[in-house]
Amino acid sequence: MRIPIVASMAAGAFMLTAVAMEPVDWVDPTIGATSHMLVPAYPTVSVPFGMYRFTPPAPWFTVDEIDDIPLFLPSHRAAGLFALMVGDGGHLTLDNRRVSPYSFSAWVDSHNFGLRLVPAAKGAAIRFDAATGVTRRAIPDVSFRAAKCAREGRTVRLEDSFRGVTAYLYGEFSDDGSGRELRFAVSWISQEQAEANFRAELAGRSLDELESFARAAWNAALGRIAVEGGDDSRKRVFYTALYRCHERMVDATEGGCFRGWDGVVKQANGRRFTDDWSWDTYRALHPLFCLLDPEMQRDRLNSYLAMASETKEGWVPTFPNVACDGHNMNSLHPAAMFLDACVKGVEGVDWKAAWAALAHTERTASRLPWHRGPRTKLDELHDSLGYFPALQPGEDETDWPKGHSMWEKRQSVAVTLGYAYDCWCIAELGRIVGASESDIAEFERKAEFDRNLFHPGTRFFHPKDARGEWIRDVDYTLGGGLGARMYYDENNGWTYAWDAQHDIAWLVGAHGGAVRFCADLDALFNAPLGAQPWEYVANLPDSTGRIGQFVAGNEPGFHIPYLYNYAGRPDRTQKRIRQILDAWFRDDAMGLPGDEDGGGMSAFVVFSMLGFYPVTPGLAEYQLGSPVFEKAALRLGNGRTFTILAPGSSREAKYWTHAKVGERHLDGTVLRHSDVVAGGTLAFTMTDRPAAREHRLRSQGLGIIRANVKRIGGEK
């Protein structure tokens with residue numbers, strides 16, 4: 001998307017005038033729409049957090065032929081519902097596809113007509129236009145593929161199913177001299193509610209009016225952050241990332257009600273949010289909205305608690321959708337989301353109830369990846385051994401619960417590290433709400449389980465078996481089978497060597513101190529692939545966006561470049577962050593290095609381009625990085641504005657010599673959350689070379705580590 005130029009005649013000469021750009025004009029949903037390996041970033045059309053979402057059919061740059069047009073995306077990356085078919089239901093081919101956050105259009109060249117779709121919060125309008133000079137009769141009729149379909153005159157009522165829950169669609173057709181329109185709304189409650197949603201949002205409104213409303217909604221959302229300086233490509237990357245942060249969670253409240261997981265339609269107290277992947281989004285997406293919209297974050301967390309109460313087990317979900325807990329991946333990372341919001345002052349959540357639900361879930365639900373069920377023998381071993389046990393090479397799996405897919409393996413290191421962090425969060429939240437000393441001690445003990453798998457000889461987290469023996473001959477690059485799932489998860493041992501977000505001070509010491517820690521980080525970014533590229537990709541298809549063995553395309557790597565700060569080398573953090581952004585986050589079709597995961601990756605981009613990042617969700621602080629823009633202003637949920645100034649920042653001038661909040665100079669790299677929400681200014685002095693101050697900080701690295709110890713869980 002480029003700045004439009006308007007040509008006009010004045011005093012006999014041509015003048016070129018740039019039309020002012022609004023925030024949504026910088027968004028290009030096709031960035032990353034061709035994936036490096038697995039799933040591309042879908043160019044979703046919606047209003048911010050709208051229950052209704054539409055994904056244009058066919059992979060954006062690789063296929064132009066489709067069978068139908070699914071009208072409703074029920075969950076992030078799910079298959080669409082209510083497929084619309086044209087004419088006899090044969091193939092369609094598309095040309096001149098155009099997409100923005102608030103509209104989609106294309107020319108159906110196989111049938112010689114155009115289509116245009118504009119979203120509302122719970123529905124959309126789609127128009128079919130004949131070619132110029134051709135009557136409306138040239139537009140074929142449309143039909144639908146759904147579980148139930150009833151058409152009566154101009155009205156259509158559809159039913160379809162997602163994970164056992166019925167979705168309803170109510171729509172009305174209208175015709176004019178050149179085309180046909182279908183306006184429709186969806187509901188998870190009933191056909192009557194779908195019609196009520198239609199009357200509230202779509203009846204009597206033209207496509208242009210709907211588009212103006214959706215565009216205004218996006219400008220309001222994206223306008224919470226205004227950036228200046230930097231080239232146009234940087235703005236496109238930034239605002240496209242911010243747009244993707246507004247896809248989830250979705251507001252599933254309809255007419256003040258919602259359908260609960262227990263099937264009961266209930267009056268909403270606040271808004272009911274759903275569709276989240278906590279393994280991805282706890283890291284940066286949820287912390288972002290603790291800043292931008294704490295009231296919405298309150299409703300999101302209360303939705304998590306409500307969903308837990310609607311299950312027979314009372315377990316906090318990890319991958320909630322409108323129907324149930326998808327329970328993918330591993331760990332209980334909503335613990336980090338709750339603690340983070342609590343220490344950052346989000347109000348209106350029953351923190352004591354949250355602690356009780358999280359503690360109950362950790363104590364009674366299995367830790368097995370992709371498995372929702374009660375504790376197993378392996379869970380009991382985890383608690384008694386202090387780590388999740390792995391299998392030795394060639395050892396048969398005998399402890400897998402019946403019915404659990406053999407595709408997902410034990411992921412023993414990833415599970416151990418993930419739950420150690422979660423238990424630290426539960427312990428800290430327990431301390432805030434006044435849990436008993438014995439309860440706090442229980443989770444504090446488990447929070448140190450990560451240390452039991454640190455191999456002092458290799459300085460990697462290394463799997464152990466149930467007998468306490470190190471697993472033999474682990475290859476940290478390719479070991480563990482497909483996706484390294486025997487020991488790690490989607491990423492190899494190089495990535496998980498740094499997966500101790502709550503235990504960083506200990507980790508620096510375990511590496512032998514600041515100098516060795518930095519050297520080992522450098523080794524990560526410079527290590528050779530260790531295999532032929534095809535062999536690496538075949539084993540680790542999720543590990544994309546590589547710099548050495550660092551992986552920019554998968555969430556467990558996002559905090560790693562900020563770890564140099566903890567050893568007194570902020571210059572290395574600044575260099576690495578810019579290296580990652582420049583190499584892998586660009587404004588082109590392959591401008592994302594991996595699965596975007598509905599804001600999980602994009603929130604890393606938003607924070608990193610602003611110049612700070614929440615390395616440890618659950619601490620009321622951020623680590624400084626390298627601000628990309630010369631000025632950024634965040635309009636916070638509390639009504640204040642936090643401004644970041646970095647005059648002279650450029651691709652070369654990525655280092656800073658001084659940073660101050662207001663008139664207070666920062667001695668280290670910590671930005672307090674309280675300083676951000678108070679408003680005011682964070683000012684950087686930028687340079688194109690690491691300056692003496694960084695080298696002084698390097699010499700004081702051990703002191704900085706000790707200063708961090710209290711925040712990261714206590715000196716041992």
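Position 666, counted from 1, in the sequence shown is what my numbering calls 666; the numbers after and before it change by one each time, with no gaps. Backbone N, C-alpha and C fix where the C-beta goes; we use that ideal spot for every residue, glycine too. Since this is a predicted model, take the numbers as computed values, not measurements.
**Request:** Please say whether VAL322 and PRO74 have beta carbons closer to each other than 8 Å?
**Result:** yes
**Prompt:** In this structure, does DSSP put MET337 in helix, strand or coil?
**Reply:** helix
**Message:** I need the boundaries of the beta strand (DSSP E) containing PRO463, first residue and last residue.
**Reply:** First-last for PRO463: undefined, no H or E at that position.
**Asked** Can we say the stretch 648 to 660 touches the stretch 266 to 278, given the rule of at least three CB pairs closer than 8 Å?
**Response** no
**Message:** Within 10 Å of its beta-carbon, does THR30 have 16 or more other beta-carbons around it, so buried, or fewer, so exposed?
**Reply:** buried
**Item:** Proximity of TRP107 and ASP88 at Cβ, strictly below 8 Å
**Value:** no
**Request:** Output yes or no for whether 8 Å exceeds the beta carbon distance between ALA335 and ILE426.
**Result:** yes
**Message:** Extract the residue ranges of the alpha helix (DSSP H) inside the stretch 299 to 362, only unbroken runs of 4 or more that lie entirely within it.
**Reply:** 334 to 343
**Message:** Can you list, in chain order, the residues of its chain with a C-beta nearer than 8 Å to that of GLU211? Leave out the 5 residues immediately preceding and following it.
**Reply:** TYR102, SER103, VAL118
**Request:** Counting only runs of 4+ residues fully inside the stretch 399 to 462, write out the alpha helix (DSSP H) ranges in chain order.
**Result:** 412 to 433, 437 to 447
**Request:** Look at the Cβ atom of ARG485, then the Cβ atom of GLU408, and state whether they are nearer than 8 Å.
**Result:** yes
**Prompt:** Is it right to say ARG689 is buried, meaning 16 or more other beta carbons lie within 10 angstroms of its own, or is it exposed?
**Reply:** exposed
**Asked** Are TYR170 and ARG157 close, meaning C-beta to C-beta below 8 Å?
**Response** yes
**Request:** Count the CB pairs spanning the stretch 442 to 454 and the stretch 381 to 392 that are closer than 8 Å, and state whether there are at least three.
**Result:** yes
**Asked** What separation, rounded to the nearest whole angstrom, lies between the Cα atoms of TYR52 and LEU71?
**Response** 9 Å
**Item:** Identity of the residues DSSP links to PRO70 by a beta bridge
**Value:** ALA83
**Message:** What would DSSP say about ASP129, mapped onto helix, strand or coil?
**Reply:** strand
**Prompt:** Thinking C-alpha only, which one of ALA603, GLY345, VAL264, GLY637 is nearest GLU310?
**Reply:** VAL264
**Message:** Nearest by alpha-carbon distance to SER608: which of LYS312, ARG234, GLY434 is it?
**Reply:** ARG234
**Request:** Count the C-beta pairs between the stretch 578 to 593 and the stretch 540 to 559 that are closer than 8 Å, then say yes if the count reaches three, no if not.
**Result:** yes
**Message:** Which of the three DSSP states is assigned to CYS149 in this structure?
**Reply:** strand
**Request:** With distances taken Cα to Cα, identify the nearest neighbour of GLU444 among LYS402, ALA359, ALA523.
**Result:** ALA359
**Asked** Taking the continuous alpha helix (DSSP H) assigned at GLY493, which residues delimit it?
**Response** 493 to 496
**Message:** If we require 3 or more residues per run, which beta strand (DSSP E) segments fall completely within the stretch 233 to 300?
**Reply:** 257 to 259, 265 to 267
**Item:** Cβ-Cβ separation, THR44 to THR55 (assumed contact under 8 Å), whole Å
**Value:** 6 Å
**GLY509: first and last residue of the uninterrupted alpha helix (DSSP H) it sits in** = 504 to 510
**Request:** With a 10 Å radius around its C-beta and 16 neighbouring C-beta atoms as the bar for buried, classify LEU92 as buried or exposed.
**Result:** buried
**Asked** Which residue from VAL349, THR240, VAL227 puts its Cα closest to that of VAL99?
**Response** THR240
**Item:** Inter-residue Cα distance where the pair is ARG367 and TRP400
**Value:** 12 Å
**Asked** How many angstroms separate the CA atom of LEU671 from the CA atom of THR687?
**Response** 20 Å
**Message:** With three or more beta-carbon pairs closer than 8 Å as the criterion, would you say the stretch 505 to 519 touches the stretch 623 to 632?
**Reply:** no
**Closest residue to GLY394 among THR376, ASP465, SER105, ALA441 (Cα-Cα distance)** = ASP465
**Prompt:** Where does GLY483 fall in DSSP's three states?
**Reply:** helix
**Asked** So PRO717 is in the beta strand (DSSP E); what residue range does that whole segment cover?
**Response** There is simply no residue 717 to check, as the chain begins at 1 and stops at 716 in what is shown.
**Request:** Could you round the C-beta distance between SER206 and TRP279 to whole angstroms and report it? I think they count as a contact, below 8 Å.
**Result:** At roughly 42 Å, the Cβ-Cβ gap does not stay under 8 Å, so SER206 and TRP279 are not in contact.
**Prompt:** For ALA20, does the three-state DSSP call read helix, strand or coil?
**Reply:** coil
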